[in-house]
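Accompanying notes for the structure given below.
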Amino acid sequence: MTGFSRRSMLVATGSAALAGCERITTSPTVRKVLTLGEKATLSGQRFLTDRNALAPEFAPVDISPRFRVNGNFLPRSPDFAAHLAKGFADWRLEVSGLVRRPLRLTLAELKAGPQRTQITRHDCVEGWSAIAEWTGTPLASILKMAGISDKTQYLVFHCADDFSGMPFYESIDLVDAFHPQTILAHTMNRQPLPVAHGAPVRLRVERALGYKQAKYVMRIEAVASLAGIYGGKGGYWEDHSGYQWFAGI
Amino acid sequence: MTANSASVTSQNGEDSPCGPLVYRISLPVRIWHGINALCIFVLLMSGATIFNAHPRLYWGKAGANFDHAWLAAGRNGEAGFLRVGQIEFNTTGFLGHTPYSTKAIPPLLTIPNYYSLAEGRQWHFFFAWLLVVSITAFLIYSLCSKHLRNDLLPRWKEISPSRLWKEIVAHVRLRFASGHAAKGYNPLQKLAYLGVIFGLIPLAILTGITMSPNLNAAFPWLLDLFGGRQSARSIHFICSAALCLFIFIHLLMILAAGPLNEMRAIITGWFRLPQAQENRP
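Protein chains in written order, with the numbering used here: chain E, 224 to 472; chain G, 42 to 322.
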């Protein structure tokens, strides 16, 4: 047998094997079975982790010299451009949905309330990590101000940015929403939050991966269910790329 | 039934040219081996997909593109490279750049066989759970059944430096135990299996858990133990490389020692004792 035909045979066998693999990985049944792992992870991790257990905090010396910008670095909407031009003077954080007192908070009002500063590690789902100091308003204090109803199960963060016209959004459950380290950060490393990192405010939910840390937060919506919101899976990455809603690992 | 208490069947007497069949591997061990092998293969291949998302490794608490990576794989144009420390290898055609892919690890070696970090993670975590459950069950079984004490733990005299050196020389020359001495595992085999079961797999599980930001809140001591999340990620990767090396040698030894006999043993439990090789220089 010549080298060439042996090679084509190898390629043909390889392609057949790959086609077989692809049939397995794209099968809906297989995908459904695999989600059992995700469910076990959520239940297992919630069981093992005290709801108020704090993510590790670091010393100023640990702060990354350069913090990688990921996802969008400048929302393209004209509304956002207008807010940016005015230094977010007319910007309001809306709190709506299943709340007794819907809110429209200015940046100054956010900063006037209780504040928390923490040096924490940001872990991208891709594998890299960076450490920064964040200052912001605890989400719990905003939720208390708004008075969320007993029916609330999730908080949805609607953001100013989009991917190919599809708006970015994320969601967390009440365990993470009322966690003491969950803040709406307006300050990063003692400077106003840079636009590339999500100005005017971004969510910091420190026990979750990077894709949960929604940037450019415009509106927080208290909801009973994630069904019916965009793709229904609780976030842009969950809807469009199949990332796990629970991003604890 | 365990290796040292292996029974010799009567239909194959000691004078048989092939040597007697012995029942060497119990059913629970065979079932565990199958599940474990499947888990390790899927975890290595889905882990390769996850590695492809950011094929750079760091030491310490944090690390990203602007930080020093002790290992990096990728491509410069159409040239694939693997850099370890200061040494750079050209890996065009294997890693970093192949005619079919521009990812660090090519699709032939990943699950799924196209780049999808989200799907790679689904596979990885499902089989990670299966691995944790199966190795826990195996450890309980091997303690209760004395599989650990009788078959896996080496005797002191087996791990004396001179004995180990003799074993290494014999293995390199592909000469294996025969007759009665082949009923149990040899010292190198015992050490390799113990290293994987009590070393590499638990270490891979613990360093995997250490990469979870949520579990960092529950068990912050794991970060101190491994020297930070990025160190844990590096150790996790080193564990997987060591497992690849183990699998390679494990399969090589099966081929050298008689693949049919070894395959029968791991599937049915019955192992034919090799006859002594005589008149060999």
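Ideal Cβ positions, reconstructed from N, Cα and C, are used throughout, including at glycine.
Model, not experiment: these values are computed from the prediction.
Going by DSSP, what residue range makes up the beta strand (DSSP E) through residue 128 of chain G? If you number the second sequence from 1, residue 128 of chain G lands on position 87. For residue 128 of chain G, the enclosing beta strand (DSSP E) covers residues 128 to 131.
If I'm right that residue 381 of chain E touches residue 330 of chain E with Cβ under 8 Å, what's the distance once you round it to whole angstroms? Within the first sequence, residue 381 of chain E is the residue found at index 158, counting from 1. Within the first sequence, residue 330 of chain E is the residue found at index 107, counting from 1. Contact doesn't hold; Cβ gap of about 17 Å is too wide.
Any beta carbon of chain G sitting closer than 8 Å to that of residue 314 of chain E? Your numbering for residue 314 of chain E matches position 91 in the first sequence. At least 8 Å separates the CB of residue 314 of chain E from every CB of chain G.
Under the three-state reduction of DSSP, which class applies to residue 348 of chain E: helix, strand or coil? As a first step, residue 348 of chain E must be located in the first sequence, where it is residue number 125. Three-state DSSP puts residue 348 of chain E in coil, outside helix and strand.
Please report the distance separating the alpha-carbon of residue 312 of chain G from that of residue 61 of chain G. Translated into the one-based positions of the second sequence, residue 312 of chain G becomes position 271. Translated into the one-based positions of the second sequence, residue 61 of chain G becomes position 20. Taking C-alpha positions only, residue 312 of chain G is separated from residue 61 of chain G by approximately 8 Å.
Any chain G beta carbon closer than 8 Å to residue 350 of chain E: Here the question's residue 350 of chain E lines up with position 127 in the first sequence. At least one CB atom of chain G sits nearer than 8 Å to the CB of residue 350 of chain E.
Which value, in whole angstroms, describes the spacing of the CA atoms of residue 258 of chain E and residue 94 of chain G? Numbered from its first residue, the first sequence carries residue 258 of chain E at position 35. Numbered from its first residue, the second sequence carries residue 94 of chain G at position 53. Taking the CA atoms as reference points, residue 258 of chain E sits about 21 Å from residue 94 of chain G.
Buried or exposed, going by whether 16 or more other CB atoms sit within 10 Å of the CB of residue 59 of chain G? In the second sequence, the residue the question calls residue 59 of chain G occupies position 18. Exposed, since its Cβ has fewer than 16 Cβ neighbours within 10 Å.
Can a CB atom of chain G be found closer than 8 Å to the CB of residue 377 of chain E? For the purposes of this step, residue 377 of chain E is taken as residue 154 along the first sequence, with counting starting at 1. So no, residue 377 of chain E is outside the interface.
Cβ of residue 103 of chain G within 8 Å of Cβ of residue 464 of chain E? For the purposes of this step, residue 103 of chain G is taken as the residue at position 62 of the second sequence. For the purposes of this step, residue 464 of chain E is taken as the residue at position 241 of the first sequence. Not in contact: residue 103 of chain G and residue 464 of chain E (Cβ atoms no closer than 8 Å).
Residue-chain proximity (residue 253 of chain G, chain E), Cβ-Cβ < 8 Å: Locating residue 253 of chain G in the second sequence gives position 212, where the first residue counts as 1. Closer than 8 Å to some Cβ of chain E, the Cβ of residue 253 of chain G qualifies, so yes.
Who are the neighbours of residue 271 of chain G on chain E, taking C-beta pairs under 9 Å? Here residue 271 of chain G refers to the residue found at position 230 when the second sequence is read from its first residue. Within chain E, the residues near residue 271 of chain G are 350, 351 and 352.
Tell me whether residue 55 of chain G is buried or exposed, calling it buried when 16 or more other Cβ atoms sit within 10 Å of its Cβ. Residue 55 of chain G sits at position 14 when you count from the first residue of the second sequence. Legend: pLDDT at residue 55 of chain G = 42, less than 50; position of this residue unreliable, value from coordinates given subsequently. Here residue 55 of chain G is exposed. Its C-beta has fewer than 16 other C-beta atoms within 10 Å.
Check whether the Cβ atoms of residue 96 of chain G and residue 78 of chain G lie closer than 8 Å to each other. One-based indexing of the second sequence puts residue 96 of chain G at position 55. One-based indexing of the second sequence puts residue 78 of chain G at position 37. Contact: no.
Should residue 304 of chain G be labelled buried (16 or more other beta-carbon atoms within 10 Å of its own) or exposed? Start at 1 with the first residue of the second sequence, and residue 304 of chain G comes out as number 263. So residue 304 of chain G ends up on the exposed side.
If I follow the unbroken beta strand (DSSP E) through residue 381 of chain E, where does it start and stop? Position 158 of the first sequence, counted from the first residue, corresponds to residue 381 of chain E. Taken as a continuous stretch (DSSP letters only), the beta strand (DSSP E) holding residue 381 of chain E covers 377 to 386.
Sheet register partners of residue 312 of chain G (DSSP bridge): Along the second sequence, one-based indexing puts residue 312 of chain G at 271. By DSSP's assignment, residue 312 of chain G forms a beta bridge with G:63.
So, does the CB of residue 421 of chain E fall closer than 8 Å to a CB anywhere in chain G? Here residue 421 of chain E refers to the residue found at position 198 when the first sequence is read from its first residue. No, its Cβ sits nowhere closer than 8 Å to a Cβ of chain G.
C-beta neighbour in chain G for residue 226 of chain E, strict 8 Å: Position 3 of the first sequence holds residue 226 of chain E. Confidence in residue 226 of chain E is poor, its pLDDT being 48 and thus under 50, which makes the residue's placement unreliable; the coordinate value appears in the next sentence. No, residue 226 of chain E lies away from the interface with chain G (no Cβ there is under 8 Å from its Cβ).
Quick check on residue 441 of chain E: buried or exposed, where buried means 16 or more other Cβ atoms within 10 Å of its Cβ? By one-based count along the first sequence, residue 441 of chain E stands at place 218. If you draw a 10 Å sphere on the C-beta of residue 441 of chain E, you find 16 or more other C-beta atoms in it, and that means buried.
Going straight from the alpha carbon of residue 214 of chain G to that of residue 281 of chain G, what length do you get? Residue 214 of chain G sits at position 173 when you count from the first residue of the second sequence. Residue 281 of chain G sits at position 240 when you count from the first residue of the second sequence. So the two alpha carbons sit approximately 27 Å from each other.
How many whole angstroms separate the CB atoms of residue 361 of chain E and residue 403 of chain E, which I take to be in contact at a CB cut-off of 8 Å? On the first sequence, position 138 is the one that residue 361 of chain E refers to. On the first sequence, position 180 is the one that residue 403 of chain E refers to. So it is a contact: roughly 7 Å between Cβ atoms.
Using a 10 Å radius around the Cβ and a threshold of 16 neighbouring Cβ atoms, would you call residue 141 of chain G buried or exposed? Here residue 141 of chain G refers to the residue found at position 100 when the second sequence is read from its first residue. That one is exposed.
Can you check which of these residues, G:193, G:200, G:220 and G:151, is closest to residue 81 of chain G by C-alpha distance? Position 40 of the second sequence, counting from 1, holds the residue named residue 81 of chain G. Relative to residue 81 of chain G, the option among G:193, G:200, G:220 and G:151 whose CA is nearest is G:151.
So, under 8 Å CB-CB, residue 315 of chain G and residue 219 of chain G are touching, yes? Tell me the CB distance rounded to an integer number of Å. Position 274 of the second sequence, counting from 1, holds the residue named residue 315 of chain G. Position 178 of the second sequence, counting from 1, holds the residue named residue 219 of chain G. Yes, residue 315 of chain G and residue 219 of chain G are in contact; Cβ-Cβ is about 4 Å, under 8 Å.
Could you tell me which residues DSSP pairs with residue 326 of chain E in its beta bridges? Along the first sequence, read from residue 1 onward, the residue named residue 326 of chain E stands at position 103. DSSP lists E:318 as partners of residue 326 of chain E.
Please confirm whether residue 146 of chain G and residue 92 of chain G have their CB atoms less than 8 Å apart. Translated into the one-based positions of the second sequence, residue 146 of chain G becomes position 105. Translated into the one-based positions of the second sequence, residue 92 of chain G becomes position 51. For residue 146 of chain G and residue 92 of chain G, yes; Cβs fall inside 8 Å.
Please report the distance separating the alpha-carbon of residue 323 of chain E from that of residue 300 of chain E. Locating residue 323 of chain E in the first sequence gives position 100, counting from the first residue. Locating residue 300 of chain E in the first sequence gives position 77, counting from the first residue. Approximately 30 Å, taken between the alpha carbons.
Beta-carbon separation (whole angstroms), residue 369 of chain E vs residue 325 of chain E, contact threshold 8 Å: Taking the first residue of the first sequence as position 1, residue 369 of chain E is located at position 146. Taking the first residue of the first sequence as position 1, residue 325 of chain E is located at position 102. The C-beta distance from residue 369 of chain E to residue 325 of chain E rounds to 7 Å, short enough to meet the 8 Å contact threshold.
Fully enclosed by the region 128 to 185 of chain G, which alpha helix (DSSP H) runs are 4 residues long or longer? Here the runs fully enclosed are 158 to 185.
I'd like to know whether the C-beta atoms of residue 469 of chain E and residue 265 of chain E end up nearer to each other than 8 Å. In the first sequence, the residue the question calls residue 469 of chain E occupies position 246. In the first sequence, the residue the question calls residue 265 of chain E occupies position 42. With contacts defined by Cβ atoms closer than 8 Å, residue 469 of chain E and residue 265 of chain E form a contacting pair.
Checking contacts by CB at 8 Å: is residue 285 of chain E closer than that to chain G? If you number the first sequence from 1, residue 285 of chain E lands on position 62. Using a CB distance cut-off of 8 Å, residue 285 of chain E counts as an interface residue toward chain G.
Could you name each continuous alpha helix (DSSP H) segment of 4 residues or more that falls completely within the region 245 to 269 of chain G, going from the start of the chain to the end? Runs of the alpha helix (DSSP H) inside the region 245 to 269 of chain G: 254 to 259 and 262 to 267.
Around the C-beta of residue 420 of chain E, are 16 or more other C-beta atoms found within 10 angstroms, so that it is buried, or is it exposed? For the purposes of this step, residue 420 of chain E is identified with residue 197 of the first sequence, where counting begins at 1. Residue 420 of chain E is classed as buried because its beta carbon has at least 16 other beta carbons within 10 Å across all chains shown.
Could you tell me which residues DSSP pairs with residue 359 of chain E in its beta bridges? Locating residue 359 of chain E in the first sequence gives position 136, where the first residue counts as 1. Answer is E:339 and E:408.
Is residue 122 of chain G closer than 8 Å to residue 101 of chain G when the C-beta atoms are compared? Position 60 of the second sequence, counting from 1, holds the residue named residue 101 of chain G. Position 81 of the second sequence, counting from 1, holds the residue named residue 122 of chain G. No, these two residues do not count as a Cβ contact at 8 Å.
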